[in-house]
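One structure is given below, encoded as C-alpha cells.
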Amino acid sequence: MAIQRKKITVVGAGFTGATTAFLLGQKELGDVVLLDIPQLENPTKGKALDMLEASPVQGFDSNIIGTSNYEDTKDSDVVIITAGIARKPGMSRDDLVNTNAGIVKSVCENVKTYSPNSYVIILSNPVDAMTYVAYQTLGFPKNRVIGQSGVLDTARYNTFIAQELNVSVEDVRGVVLGGHGDDMVPLVRYSSVGGIPIEKLISKERIDAIVQRTRTGGGEIVNLLGNGSAYYAPAASLVQMTEAILKDKKRILPTIALLQGEYGYDDLFMGVLTILGGDGIEKVIELELTAEEKAAMDKSAQSVSNVIAVVNG
Ligand SMILES: NC(=O)C1=CN([C@@H]2O[C@H](COP(=O)(O)OP(=O)(O)OC[C@H]3O[C@@H](n4cnc5c(N)ncnc54)[C@H](O)[C@@H]3O)[C@@H](O)[C@H]2O)C=CC1
Ligand SMILES: O=C([O-])CC(=O)C(=O)O
C-alpha cells in the first residue's frame with residue numbers, strides 16, 4: 001500500500017489557528033484541514049487557499065484546505081483545537097471559561113465522531129480546564145488528550161534568559177510547570193544555559209524579575225496588542241508538539257497531562273514535563289521538588305481546580 005501523508009486538522013481559523021496551519025504546511029508535517037464555523041466558511045477557505053498559493057514560492061507540498069464541514073476532517077491523525085474566544089486587556093484567561101467550555105465540548109463531539117483515533121492538542125483557554133473538558137467529552141485514553149501551555153511558557157522564559165545573558169536561545173534549557181496562569185511555576189533550580197545552572201550566571205534579583213515576566217507573559221502581549229492575544233509563539237508551540245507526535249521524537253516537553261497520583265494530585269490536568277512521541281503523552285516525568293517548589297505547584301493546582309469546579313458547575 002502506498003505511504004500516505006499525515007492529516008492534521010486545526011479547529012478555529014483565527015489568529016492562532018491560521019498561523020498554526022501555515023507553519024504546519026511550511027514544515028510539511030502533513031496535509032492540513034483548517035475548520036471554522038459555517039458563518040466563516042468563505043474566509044476560512046480564503047485563508048487556506050492563500051496559504052496554499054504560497055507553497056510554490058516556499059517550496060512545500062502540503063495541501064491546505066479550509067472548511068466548515070467535519071466530513072473533511074475525517075480520520076485526522078492529529079487534531080488541534082484553537083476554537084473559542086480570546087481575552088482582551090483587563091480580562092484573565094479564566095473569564096473565558098463558560099463560553100469556551102461550550103465551544104470545546106461541541107468541537108470534541110465532532111472530533112470523537114470523525115477522528116476517533118486522533119491525538120488531540122488543546123489550546124483554547126483557560127487551557128488546563130479546557131483540556132479537562134476535552135478529555136471528558138472525547139472519552140479518549142489520557143495519552144491522546146494533550147494541552148498546550150508549557151512549551152509556550154518555557155519559550156517565553158528561555159527568551160528572557162537568553163536576552164539577559166546575550167547568548168543563543170538554542171543553548172537555554174528552562175523548565176516551567178504548573179497551570180497556564182499567573183501562578184505558573186518556573187523552576188529556576190532545573191534551568192540551565194549550556195549546561196550551567198542559571199543561578200550561577202544571573203543574580204537572584206534578575207532571576208526573580210525574569211520569573212515574574214514569564215508568569216505574566218501572556219498578559220504583556222494582550223496589553224500590547226489591545227484586541228486579542230498572542231499567536232506566533234503559541235502556534236510555534238503547537239507545531240513543535242505536533243512534530244514530536246508525528247515523527248515519534250520522544251521529546252521531553254512540558255504538556256498539560258492528566259495527573260493520577262503524580263506530584264500527589266488526583267485527576268487533575270496541569271502542566272508537567274512529559275515524553276511526547278508517537279503515542280502522545282508516553283510518560284509523565286516527576287521531578288523532585290523542594291518544599292518551596294511544591295508549595296508553588298500546590299498554589300497553581302488550586303487555581304486550576306477552582307476553574308474546573310466552575311466547569312463542573
Ligand atoms: N494555551 C495557550 O497557550 C494559548 C491559548 N490561546 C487561546 O486560544 C484561543 C484562540 O485564540 P485566537 O486564535 O487568538 O482567537 P481568534 O478569535 O482569533 O480565533 C478563534 C476562532 O475560533 C472560531 N470558533 C469559535 N467557535 C468555534 C466552533 N464551535 N467551531 C470552530 N471554530 C470556532 C472563531 O470563529 C475564531 O475564528 C483563545 O481561547 C485563546 O485564549 C491563545 C494563545 C495561547
Ligand atoms: O494570554 C492569553 O490570553 C493567551 C495565552 O494563553 C498566552 O499568550 O499565554
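Residue numbers for the sequence shown follow full-length UniProt numbering, so the first one is 1 and each next one is one higher.
Quick reminder that beta carbons are idealized off the backbone N, C-alpha and C, glycines included.
Heavy atom of ligand 2 within 7 Å of residue i beta-carbon
| i | result |
| --- | --- |
| ASN100 | no |
| PRO43 | no |
Residue i Cβ short of 7 Å to ligand 1 heavy atom set
| i | result |
| --- | --- |
| TYR231 | yes |
| ASP36 | yes |
| SER106 | yes |
| PRO234 | yes |
Simplified DSSP assignment, three categories, for residue i
| i | result |
| --- | --- |
| ARG5 | coil |
| GLY218 | helix |
| ARG251 | strand |
| LYS74 | coil |
| THR274 | strand |
| ALA244 | helix |
| PHE22 | helix |
| ALA257 | strand |
| TYR265 | coil |
| ASP298 | helix |
| GLY313 | coil |
| GLY30 | coil |
| residue 314 | Outside the shown range of the chain, which is 1 to 313, sits residue 314, and nothing can be said about it. |
| LYS88 | coil |
Buried or exposed by the 16-neighbour rule on C-beta atoms within 10 Å, applied to residue i
| i | result |
| --- | --- |
| ILE308 | buried |
| ILE285 | exposed |
| PRO141 | exposed |
| ILE196 | exposed |
| ASN100 | buried |
| TYR232 | exposed |
| THR20 | buried |
| VAL57 | exposed |
| GLN302 | exposed |
| ILE3 | exposed |
Check: residue i C-beta below 7 Å from any heavy atom of ligand 4
| i | result |
| --- | --- |
| ILE85 | What this structure holds is ligand 1 and ligand 2, not ligand 4. |
Option nearest residue i by Cα separation, candidates the options
| i | options | result |
| --- | --- | --- |
| ARG156 | GLU170, ARG144, VAL145 and ASN143 | GLU170 |
| VAL172 | HIS180, ARG189 and ILE198 | ILE198 |
| ASP31 | ASN158, ASN143 and SER55 | SER55 |
Contact with chain B by residue i, beta-carbon distance below 8 Å
| i | result |
| --- | --- |
| ASN100 | Although the question refers to chain B, the structure presented lacks it and comprises just one protein chain. |
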